[in-house]
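Input: a single structure, listed below in structure tokens.
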Amino acid sequence: MGTMGLALPWKARIASVPRERESRVEPSEQFAGGQNPAVVDAITEDAALAAGCRAGNLQTYERLYSLHGVRMRNLARNLLGNLVDAEDAVQETFLKVQRSIASFRGQSSFITWTYRILINTCYDARRSRLRKKEVANDDSGGMPRPEPRAPGAHPSLRMALERALASLTKHQRDVFLLYEVEGFRHAEIAGMLEITETASKNTLFQAKKNLRLILEPPRSSAAEAR
Amino acid sequence: MMNVTCNDRERIFEGGAPGEWAALEAHSANCPVCAEGLRVWKSLSVAAQEMRDYTDSPSLWPRIERALAEEVVRKTQRAQRRSWLSLLSSIPLGWQTAVAGAFVLVLTISAGWIYFHRSNRIVESDKSLLKSAALENVERAEAVYVQAIDKLAAEAKPQLENPATPLLANYHEKLVVLDSAIADLRAQAGQNPSNAQLRHQLLAMYQEKQRTLEEVLEARQQ
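Going line by line, the protein sequences match chains X and Y.
Here the working numbering is used: the first residue of the first sequence is 2, the next is one more, and so on.
Here the working numbering is used: the first residue of the second sequence is 5, the next is one more, and so on.
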């Protein structure tokens, strides 16, 4: 690869943050809504959520929202490109969970099942929007044009990444968003996208390789930089 | 610590074990190419954090809660509608048979009642047919009666055309008035054949004409 630089201000502005892959935090622990993650048993929590939702307990749905609502909304926003559609998709997901909880057999975790519903709901919304031609002249194969967000620490970096993500295949984009943005593990992503764990790993590698190529500056400018 | 080279870098990116990652980090400390490659690779993950926006929307949960509550209400209403059907299945088979038998019995009685009343209606309509037949008889008898009177009129005609006495002249005028009245009544009876009142008036006129003609003929004999 050589001393490749990206056409982004990463080198100057972002410190390299080593990722401790082996100590990656469980999503359900990471988003425990203020509770002490150490005392939350993820499996018990998952089973309790499933049982409460099956019983039609609205407080359990509220708990599910407090644990995962913001992440569901963020994922839907990255899949759909705007907050209005994202919030609609999250609401629809809760309704679908309520309607079909009786058919949940516990073959995957309840949270994985819920996110699978959310992702499918986003796919449906995207297909429906394409059918209605609401996204005219969209050459990104279904990837929505992201709406402006509140400025973060590196807005230019985020915008460049969003544009680059639009060039990936749908599968690569989804796996990248789920793993790198939302922090799910490959086992969880496999359950959500109904693929194997190995396929999830390979797809992520291909996604990142493609992103690196897209974001890489031309060789000449890289040489000048040296 | 295991040993890795620059050639191992992409393989470790694809699916390296934690030990291999640690070895690559160590290798990168002395290899600027791998250090840059590792930094760029990790930067993709860092950039991905920029796409996280975990600020809560205060209106989203109330909206979802409302939708869930509405769905519960709809579900309850659907269940109530279905409960009528499920009630039937909860009844023992013997009772179901009895209910079905009673239903068939009610149906049979209803059908019999409808059939009986329809038959009565047919009888009533038959009566109206008889009425039409009676009317035909009346009209036939009336025609015969008119012919008989016309014969009387033909016999009396010579006296009436040249009345020899003032009495015959009066009879003539009376018969002209009666013929005119009969013609009017016949016209009205033609429009409304079932009007019994008209028929009675017509019959009275014919009877009066008959009596008048008989008086004319009696006056000729005298």
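Using N, Cα and C, we set each Cβ at its ideal position, and we do this for glycine too.
Against leucine 72 of chain Y, the close residues of chain X are Leu59, Tyr62, Phe95, Leu96, Gln99, in the order they occur along the chain (beta-carbon pairs closer than 8 Å). Annotation: arginine 224 of chain Y to serine 136 of chain Y spans about 42 Å, alpha carbon to alpha carbon.
Contacts with chain Y (Cβ-Cβ distance below 8 Å) from the segment 103 to 117 of chain X involve no residue at all. Leucine 158 of chain X reaches chain Y at Ala51, Glu54, counting residues in chain order whose Cβ is nearer than 8 Å.
Under the Cβ criterion of 8 Å, tyrosine 66 of chain X is counted among the residues facing chain Y. Contact of leucine 162 of chain X with chain Y is assigned, a C-beta pair being separated by under 8 Å. Take the alpha-carbon of tyrosine 66 of chain X and the one of tryptophan 65 of chain Y: they are about 7 Å apart.
Distance between threonine 197 of chain X and threonine 204 of chain X, taken at the CA atoms: about 10 Å. Under the Cβ distance rule, lysine 202 of chain X counts among the residues neighbouring chain Y, one pair being separated by less than 8 Å. Apart from sequence neighbours up to five positions away, no residue of its chain approaches arginine 70 of chain Y with a beta-carbon distance below 8 Å. Cβ neighbours of leucine 42 of chain Y within its own chain (closer than 6 Å, five residues either side excluded): Ser32. Scanning the segment 137 to 201 of chain Y from its first residue to its last, no whole beta strand (DSSP E) run of 3-plus residues comes out. If you look at aspartate 86 of chain X, you'll find it in the alpha helix (DSSP H) that goes 84 to 101. Considering only Y/Pro162, Y/Cys10, Y/Val108, the residue with the shortest C-alpha distance to alanine 39 of chain Y is Y/Cys10. Within the model, the alpha-carbon separation for phenylalanine 206 of chain X versus glutamate 46 of chain X is close to 32 Å. Under the three-state reduction of DSSP, cysteine 35 of chain Y is assigned to coil, being neither helix nor strand.
Using a C-beta cut-off of 8 Å, the segment 45 to 60 of chain X makes no contact with the segment 118 to 136 of chain X, since fewer than three inter-stretch Cβ pairs fall below that distance. Here leucine 182 of chain Y is actually not in contact with tyrosine 175 of chain Y; their C-beta atoms are around 10 Å apart, not less than 8 Å. At least one beta carbon of chain Y lies nearer than 8 Å to the beta carbon of glutamate 88 of chain X. Chain order gives the chain X residues near serine 61 of chain Y as Arg74, Glu88, where near means a beta carbon separation below 7 Å. The CB of glycine 98 of chain Y never comes closer than 7 Å to any CB in chain X; the least such distance is about 33 Å. Check the Cα spacing between leucine 189 of chain Y and each of Y/Leu72, Y/His204, Y/Glu177: the tightest is with Y/His204. One alpha carbon belongs to proline 170 of chain Y, the other to alanine 191 of chain Y, and they sit about 32 Å apart.
For alanine 43 of chain X, the enclosing alpha helix (DSSP H) begins and ends at 43 to 55. Taking a Cβ-Cβ cut-off of 7 Å, glycine 192 of chain X has no neighbours in chain Y, whose nearest Cβ is about 19 Å from it. Following the DSSP letters along the chain, one finds glycine 70 of chain X inside the alpha helix (DSSP H) bounded by residues 59 to 81.
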